[in-house]
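Quick mapping for you: the protein sequence lines, in order, are chains D and R. For the first sequence, the residue numbers in my numbering are 298 to 707. For the second sequence, the residue numbers in my numbering are 298 to 707. Where is the CB? At the ideal position from N, CA and C, for every residue including glycine. For reference, the structure discussed in these notes is given below.
There are 2 protein chains.
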Amino acid sequence: MALIVQKYGGSSVADTEKIKRVARRVAETKGRGNRVVVVISALGDTTDRLVGLAKEICSCPPEREMDMLLSTGEQVSVALLSMAMHSLGHDAISFTGAQVGIVTDSAHTKAKIIDIRAERILEELEAGKVVIVAGFQGVSLDNNITTLGRGGSDTTAVALAAALHADLCEIYTDVDGIFTADPRVVPEARKLDRISYDEMLEMAATGARVMQLRSIEFARNYGVVIHVRSSFSEEEGTWISGAPERMEKAVVSGVTHDTGEAKITLKGVPDRPGIAAHLFRRLADANINVDMIIQNVSDNAQTDITFTLSLDDLPRAREILSVVADELGARSYDCDEDIAKVSLVGAGMKTHPGVAADMFEALAEEGINIEMISTSSIKISCVVRNNEVERAVRAVHRRFGLEHGLVQHE
Amino acid sequence: MALIVQKYGGSSVADTEKIKRVARRVAETKGRGNRVVVVISALGDTTDRLVGLAKEICSCPPEREMDMLLSTGEQVSVALLSMAMHSLGHDAISFTGAQVGIVTDSAHTKAKIIDIRAERILEELEAGKVVIVAGFQGVSLDNNITTLGRGGSDTTAVALAAALHADLCEIYTDVDGIFTADPRVVPEARKLDRISYDEMLEMAATGARVMQLRSIEFARNYGVVIHVRSSFSEEEGTWISGAPERMEKAVVSGVTHDTGEAKITLKGVPDRPGIAAHLFRRLADANINVDMIIQNVSDNAQTDITFTLSLDDLPRAREILSVVADELGARSYDCDEDIAKVSLVGAGMKTHPGVAADMFEALAEEGINIEMISTSSIKISCVVRNNEVERAVRAVHRRFGLEHGLVQHE
């Protein structure tokens, strides 16, 4: 008898008919003799509606109160799903994050889980019930309601799977799994049967939207086996685990892209120690995540620093730069919102430098200019013009023959 | 510096504009040097919308899950009001019932408060904050969310006022206070400046909808001074307290009416001990509140039992009666939904029997037939045909000259 954690996203519970469908799916899993914990998100557009109400009240609501407000969305979902389970004749019980002891730090709107006190869940499972937990939320040590940030329900599911030593964490979504590229951009993109945590991390970090980055880190740290699949079909999706079967091959798994970033360039900064530290400390203090960073020394003891960040953080970054640029004695700074990032992800890429060259060639042959390059052991990212990114994705996907299955690069 | 508990009902927080108005009112109270605890209900039609979602899922949702669902309504309200207070520059903090330790029994959908652990509220008041508490909800000892039943926010407010030893509990509503009759039925009805707990209890029990019955019982038991007033004006409303200034006078305070009841008659029941006990125990076990009860022995060792109950409980009562009527050997039973109740409420009425006679005469002069009569020390209720009740209210109101102020009956 396996213990399975299932997570259903907002599109899977968009209305009461869809909730009933989720209930039937959960009932089937239970019916096959499994113990089941379900994590769900808020109904469809609930979160947007609540955010809209808050904006009507004030432009900058306190984060503690935003958490108080937004956490109601998942509470509605879990109650409704529990009712649907009951009406199918299955005993079920719903819980808020606080009730099942999902303890977080106090960083409202982006809290991190620090402990899960899972006794209550285990008791109810023992009693034969399906346990339904509100995703996205927790409770701080001083008893305030917190939320885990966008996509936080994935993290709830993986963290519960880890705490409960579940056999499997199923992530139900509106796509069939993880693809070699976004099928809306590359129609011939192929679903991956399996992928390693590290590759999945890079896919998520570079633009694959299926799972939240943090939840994959969590899964890797605790060895939680994940199955990403569609809530609208019975087909197998993509398995994510720590045991890549093809460790020694320079395989590329997929091409991702991200149009949600901006590029900032600080020009004519004095070339002395501490400059970069000062700049990025100030951004970090404002909780702004910087993605790629490039610095080149030029001739006259001056340097340019270029970095990318989320478009969401750009307004706050501008405010900080208007001060920091002066503090650093920079000549000027530019913000460029018309960029996009195309990335190639694959295990073992580092030991096969030919991969990078192939990618750059593919872009060059399309006449696409590369503005920034960043690499890790298993990914290569290039910043290009926004309006060229889809062409870039298709060119790279084609170059590596990803539509035909995983390629060994010689 | 007084400690004031203010309660605002659903119509006072129907939309974000009204929430901002409530925030300004709270800010004024705070600005006059008071410490303020605010209790609010769900926004306007939120509860109906949530009930609608539940009905889409299943016809008879589990009560624990209904509480899980409905309690989100007030949580949204408190978060939004707290945001509105912040945007006015006032420090405020919102809480669910569970967070401020409103401990109840486990009777889901109609839980009773058994304890309030008010330390957190006192701490936050001490820190100078306005404390905003979700009405209508609590938490059971086994950490499940409970709700207090319809109008439960009044009970939350009064219970908090008692636990905090507040100087005053203000109930803000969409009417100006307690009236001698429903102004929609009797245009010349007059607002009462003050009323005793006992009279208010009878007014509420017999149809005055302004405050929930249980909350007035609570106020009486703990001596909480209540001021019922309009959230849309600055006028004084009606003060409810335990010190009626006119104890020795046979004063009638008001005429109430209730069209939300049905009458059930069990016919031809054997006249032997235990019959009534059996019937009403079975109804009580189903949590059905019976209002008036009349039993008349007829000639042939048989009797008829007639009683009234809420229309909401009628479907369940029918189910029970279909069994119990046989068990009791009753000839038949009738359900009559077309009744209404008109009541006259006033302190000291019992020692002035002329009051009852006056009321019956007033009805007789209008040609209105009385089907049932029930009296207490401070009220007389008569069941009449539903379509005659408004005429009955006007006749009784006129007879006692209530539009001119409190009358001494000689």
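Asked: Residue range of the unbroken alpha helix (DSSP H) whose run includes Q396(R); Found: Careful: Q396(R) lies outside any alpha helix (DSSP H) and carries neither H nor E.
Asked: Cβ of R414(D) within 8 Å of any chain R Cβ; Found: no
Asked: Within chain R, partners of Q372(D) - CB distance below 7 Å; Found: M365 and T369
Asked: Interface partners of H383(D) on chain R, CB under 8 Å; Found: C355, P358, P359 and E362
Asked: C-beta atoms of K564(R) and D601(R) nearer than 8 Å; Found: yes
Asked: Beta-carbon proximity of V427(D) to V336(D), cut-off 8 Å; Found: no
Asked: For E533(R), three-class secondary structure by DSSP; Found: coil
Asked: Status (buried if at least 16 other CB within 10 Å, exposed otherwise) for S629(D); Found: exposed
Asked: Residue-chain proximity (S379(D), chain R), Cβ-Cβ < 8 Å; Found: yes
Asked: Cross-chain neighbours of I316(R) in chain D, by beta carbon under 7 Å; Found: I354
Asked: Residue burial classification, P567(D) (beta-carbon count within 10 angstroms, cutoff 16); Found: exposed
Asked: Straight-line gap, S374(D) to D635(R) (C-alpha atoms, nearest Å); Found: 40 Å
Asked: Cutoff 8 Å: A408(D) Cβ touching any chain R Cβ; Found: no
Asked: Span separating the alpha-carbon of S656(R) from that of G664(R); Found: A small correction: the amino acid at residue 656(R) is Met; Ser does not occupy that position in the sequence shown. Rounded to the nearest angstrom, the two C-alpha atoms are 13 Å apart.
Asked: Counted within 10 angstroms of its Cβ, other Cβ atoms place R569(D) as buried (16 or more) or exposed; Found: exposed
Asked: Candidates D451(D), N331(D) and S309(D): closest to D342(D) by CA position; Found: S309(D)
Asked: Contact belief for T470(D) with G435(D) at Cβ below 8 Å, rounded distance in angstroms; Found: The pair is not a contact, with the Cβ atoms about 22 Å apart (cut-off 8 Å).
Asked: Proximal residues to M544(R) (C-beta, below 6 Å), its chain only, five neighbours per side dropped; Found: Note on M544(R): pLDDT 46, under 50, position unreliable in the model; no value is reported.
Asked: Outcome for P359(D) when other beta-carbon atoms lying within 10 angstroms are tallied against a minimum of 16; Found: buried
Asked: Contact check, V432(R) vs R417(R), beta carbons under 8 Å; Found: It should be pointed out that residue 432(R) corresponds to Gly in this sequence rather than to Val. For G432(R) and R417(R), no; Cβs fall outside 8 Å.
Asked: Residue range of the beta strand (DSSP E) that includes L641(D); Found: I636 to V642
Asked: Buried versus exposed, by CB contacts within 10 Å (16 or more), Y494(D); Found: buried
Asked: Reference F577(D), options H554(D), F604(D), G557(D) and S671(D), closest by Cα; Found: F604(D)
Asked: Endpoints, alpha helix (DSSP H) assigned at A716(R); Found: Given a span of 298 to 707 for chain R in the structure shown, any question on residue 716(R) remains unanswerable.
Asked: Supposed close pair M298(R), N331(R) - CB separation, criterion 8 Å; Found: 6 Å
Asked: A654(R) burial status per 10 Å Cβ neighbour count (16 or more: buried); Found: exposed
Asked: CB contact flag (S640(D), T553(D), <8 Å); Found: yes
Asked: Completely contained beta strand (DSSP E) runs for the stretch 352–387 of chain D, where each covers 3 or more residues; Found: none
Asked: Closest by C-alpha distance to I591(D), when choosing among S671(D), I410(D) and K327(D); Found: S671(D)
Asked: Among A463(D), T444(D) and V483(D), nearest to Y519(D) - alpha-carbon criterion; Found: A463(D)
Asked: Where the alpha helix (DSSP H) through A614(D) begins and ends; Found: L611 to L625
Asked: Neighbourhood of G474(D) by C-beta distance below 7 Å, restricted to the same chain and skipping five residues each side; Found: K488, L489, V525, R526, G534 and T535
Asked: Near-chain R residues of the stretch 299–328 of chain D (beta-carbon distance less than 9 Å), N- to C-terminal order; Found: D312, T313, E314, I316, K317 and A320
Asked: Exposure label - V620(R); buried when at least 16 CB within 10 Å; Found: exposed
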